[in-house]
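To keep things clear, I will list the structure first and then write my remarks on it.
2 protein chains.
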Amino acid sequence: MSAHVARKIRNPEQTRIDLLAAAYAEILESGFQAASLDRILAKTSVSKGALYHHFGTKQELGLAVVEDVIAPQLAERWFVPLQQSIDPIPCLQQLLAEKIDAADERLLRYGCPLNNLIQEMSPLDENFRQGLQRILDQWIQVIAEALTRGQEHGNVRKEVVPDEVALFLIAAIEGCVGLGKNAQSLRSYQTCLGQLQQYLRTLTS
Amino acid sequence: MSAHVARKIRNPEQTRIDLLAAAYAEILESGFQAASLDRILAKTSVSKGALYHHFGTKQELGLAVVEDVIAPQLAERWFVPLQQSIDPIPCLQQLLAEKIDAADERLLRYGCPLNNLIQEMSPLDENFRQGLQRILDQWIQVIAEALTRGQEHGNVRKEVVPDEVALFLIAAIEGCVGLGKNAQSLRSYQTCLGQLQQYLRTLTS
DNA sequence: TTGACAAGATACCGATTGGTAGGTATTTAT
DNA sequence: ATAAATACCTACCAATCGGTATCTTGTCAA
Numbered sequence: 001m002s003a004h005v006a007r008k009i010r011n012p013e014q015t016r017i018d019l020l021a022a023a024y025a026e027i028l029e030s031g032f033q034a035a036s037l038d039r040i041l042a043k044t045s046v047s048k049g050a051l052y053h054h055f056g057t058k059q060e061l062g063l064a065v066v067e068d069v070i071a072p073q074l075a076e077r078w079f080v081p082l083q084q085s086i087d088p089i090p091c092l093q094q095l096l097a098e099k100i101d102a103a104d105e106r107l108l109r110y111g112c113p114l115n116n117l118i119q120e121m122s123p124l125d126e127n128f129r130q131g132l133q134r135i136l137d138q139w140i141q142v143i144a145e146a147l148t149r150g151q152e153h154g155n156v157r158k159e160v161v162p163d164e165v166a167l168f169l170i171a172a173i174e175g176c177v178g179l180g181k182n183a184q185s186l187r188s189y190q191t192c193l194g195q196l197q198q199y200l201r202t203l204t205s
Numbered sequence: 001m002s003a004h005v006a007r008k009i010r011n012p013e014q015t016r017i018d019l020l021a022a023a024y025a026e027i028l029e030s031g032f033q034a035a036s037l038d039r040i041l042a043k044t045s046v047s048k049g050a051l052y053h054h055f056g057t058k059q060e061l062g063l064a065v066v067e068d069v070i071a072p073q074l075a076e077r078w079f080v081p082l083q084q085s086i087d088p089i090p091c092l093q094q095l096l097a098e099k100i101d102a103a104d105e106r107l108l109r110y111g112c113p114l115n116n117l118i119q120e121m122s123p124l125d126e127n128f129r130q131g132l133q134r135i136l137d138q139w140i141q142v143i144a145e146a147l148t149r150g151q152e153h154g155n156v157r158k159e160v161v162p163d164e165v166a167l168f169l170i171a172a173i174e175g176c177v178g179l180g181k182n183a184q185s186l187r188s189y190q191t192c193l194g195q196l197q198q199y200l201r202t203l204t205s
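So the sequences go chain by chain: A and B. Our numbering applies: residue 1 is where the first sequence begins, and numbers increase by one. Our numbering applies: residue 1 is where the second sequence begins, and numbers increase by one.
As structure tokens, then:
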């Protein structure tokens, strides 16, 4: 079938995607500094020459993971639902509920990829810091806008400062995931996020 | 003066303390995995032979930093004041206020030593995880006991579950420090902890 | 069909890593 | 005074690190 179409031996876009996926996994498991390029290559059966054709340095590969893997992941799970919602408060509640229920074993073990890189890399590499901060700023903004709309609809107390509460919400989320990661306890993870849900309720009017 | 007292050429206890201090700083700045024994030795002018006389492996050194440096630090700043206080809620409020005011540049850049090690090491090394968890459990317990006493004195709402709120408080603190670390913004750090203070107020009856 | 460039492969490099071998020097106990 | 144990030092090691040089191969436009 399709005899005319020359079979593609090479597929640079797919190679790039494979590298990003393997690098993402390796970084999640070992951290960026301890992430081994050789291990990444072993996972992908891509050669080192190919890697360095697509990415100039290890740092470039890491930044690409942040921009092309982590950022879209977060956007899909948080930004899209929140921006589409008309009444954002129940939406926030449900996003938290999902986060509680969908407690992957992988999440419990390795934590949040975004927070991991923040804690490891922000003091060491300004490019990483800025790339991660861009994601955080978007996250804050999306939640803050949701809270503002909630205030306009009379669902959120006027006293709350959307920017500040959004910042705190993200901090609390990352904190809960981080503690659950060390406790290695689904129960800890869920009760911690459960307390955050109760906090959310104090924002409603 | 003191001609009889032989001058000490060697001081193994001090050597150990020097090593722990240097290792603590190096780990805070680079993380544990990327912490270089050679750099630690350079900071202390201690030889590698001496290091390996006091600590069998790099891991042992790291665990000693957790137990002998980080744990006492936290105990001094949180456990002692909380345990001594009769009315623990104002005490918690003030501890947070201190944490807001005493925002060191070093804290803002490198974050919380405890949380750093949690995020980096808990998935990689079970011994680290347990050592860190011991500290967390103590922290939780001290705060929970404070909250319970607060309930007994009628200062804290009966609905709060001390254990769970204590867990959440710590998560939120670490989250705030972690976000401030990436934002590199004193303002972010302080407003985030400020929101946590407001949360604390919702616990009072 | 061919020339030019992108994509990938292999072999290697210096630097750094945690750790060790084998020695010396100090301290302490007897 | 002396033996034994503790404390420390220097030189070295294999393994791994990120990165590079050099080459071949596949792709596509002209």
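No residue lacks a Cβ here, since even glycine has one placed at the ideal position from N, Cα and C.
| query | result |
| --- | --- |
| If distances are taken between C-alpha atoms only, which option among A:28, A:141, A:185 comes closest to residue 137 of chain B? | A:185 |
| At least one CB of chain B closer than 8 Å to the CB of residue 172 of chain A: is that the case? | yes |
| Judging by CA-CA distance, which residue of B:189, B:116, B:15, B:204 is the nearest neighbour of residue 104 of chain B? | B:189 |
| Assuming residue 26 of chain A and residue 40 of chain A form a contact by the criterion Cβ under 8 Å, report the distance between their Cβ atoms to the nearest whole angstrom. | 5 Å |
| Quick one: is residue 146 of chain B near chain A, going by C-beta distance under 8 Å? | no |
| Taking three-plus beta-carbon pairs below 8 Å as touching, is the stretch 54 to 69 of chain B in contact with the stretch 67 to 79 of chain A? | no |
| Would you kindly work out how many angstroms separate the C-alpha atoms of residue 108 of chain A and residue 174 of chain A, rounded to a whole number? | 12 Å |
| By the 10 Å Cβ neighbour count, where 16 or more other Cβ atoms means buried, how is residue 10 of chain A classified, buried or exposed? | exposed |
| If I measure Cβ to Cβ from residue 163 of chain A and keep anything under 8 Å in the same chain, skipping five residues before and after, which residues do I get? | 140, 144 |
| Tell me residue 286 of chain A's beta-bridge partners as DSSP assigns them. | The structure shown does not extend to residue 286 of chain A, since chain A is modelled only from 1 to 205, so the question has no answer here. |
| Skipping 5 residues on each side, what residues in its chain have a beta carbon closer than 7 Å to that of residue 80 of chain B? | none |
| Can you give me the Cβ contacts of residue 50 of chain B inside the same chain, cut-off strictly under 7 Å, excluding the 5 residues immediately before and after it? | 15 |
| Between A:133, A:77, A:88, which has its C-alpha nearest residue 182 of chain B's C-alpha? | A:133 |
| Would a C-beta distance cut-off of 8 Å place residue 20 of chain B and residue 75 of chain B closer than the cut-off? | no |
| What's the call for residue 201 of chain A, buried or exposed, on a 16-neighbour Cβ count within 10 Å? | exposed |
| Quick check on this structure: which residue in B:110, B:197, B:31, B:147 has the alpha carbon closest to the alpha carbon of residue 59 of chain B? | B:31 |
| Measure the C-alpha to C-alpha separation of residue 56 of chain B and residue 117 of chain B and round it to an integer number of angstroms. | 20 Å |
| Which residue from A:194, A:177, A:203, A:205 puts its Cα closest to that of residue 106 of chain A? | A:177 |
| Nearest by alpha-carbon distance to residue 180 of chain A: which of A:110, A:168, A:160 is it? | A:110 |
| Would you mind reading off the limits of the alpha helix (DSSP H) that contains residue 119 of chain A? | 113 to 121 |
| On a Cα-Cα basis, can you pick out the residue from A:115, A:78, A:83, A:113 that is closest to residue 97 of chain A? | A:78 |
| Beta-carbon within less than 6 Å of residue 148 of chain A's beta-carbon, same chain only, minus the 5 sequence neighbours each way: which residues are those? | 162 |
| Ignore the nearest five residues each way along the sequence and tell me which others in residue 160 of chain B's own chain have a CB closer than 6 Å to its CB. | 203 |
| For residue 122 of chain B, which residues in the same chain have their Cβ closer than 7 Å to its Cβ, ignoring the five residues on either side in sequence? | 128, 129, 132 |
| Can you tell me the Cα-Cα spacing of residue 222 of chain B and residue 170 of chain B, whole angstroms? | No answer is possible for residue 222 of chain B: it lies beyond the span of chain B, which begins at 1 and ends at 205. |
| For the putative contact between residue 113 of chain B and residue 28 of chain B, defined by C-beta atoms under 8 Å, what is the C-beta separation to the nearest angstrom? | 5 Å |
| Do we get a CB-CB distance below 8 Å when we pair residue 66 of chain B with the residues of chain A? | no |
| What number of angstroms, rounded off, separates the C-alpha of residue 193 of chain B from the C-alpha of residue 93 of chain B? | 11 Å |
| Got a sec? Which residues, its chain only, sit under 7 Å from residue 89 of chain A by beta carbon, not counting five neighbours each side? | 150, 155, 156, 204 |
| Please list the residues of the stretch 105 to 128 of chain B that have a C-beta atom closer than 7 Å to any C-beta atom in chain A, keeping them in chain order. | 109, 110, 111, 115, 116, 118, 119, 120, 122, 123 |
| Of all Cβ atoms in chain A, is any one closer than 8 Å to the Cβ of residue 197 of chain B? | no |
| With DSSP as the reference, please indicate the residues paired to residue 204 of chain A in a beta bridge. | A:156 |
| Where does residue 8 of chain A sit, in a helix, a strand or coil, going by DSSP? | coil |
| CB-CB under 6 Å to residue 4 of chain A, same chain, minus the five flanking residues each way: which ones, in chain order? | Because the pLDDT at residue 4 of chain A is just 39, under 50, the model does not fix this residue reliably, and the point stays unresolved. |
| Given that a residue counts as buried once 16 or more other Cβ atoms are within 10 Å of its Cβ, and exposed if not, what is residue 86 of chain A? | exposed |
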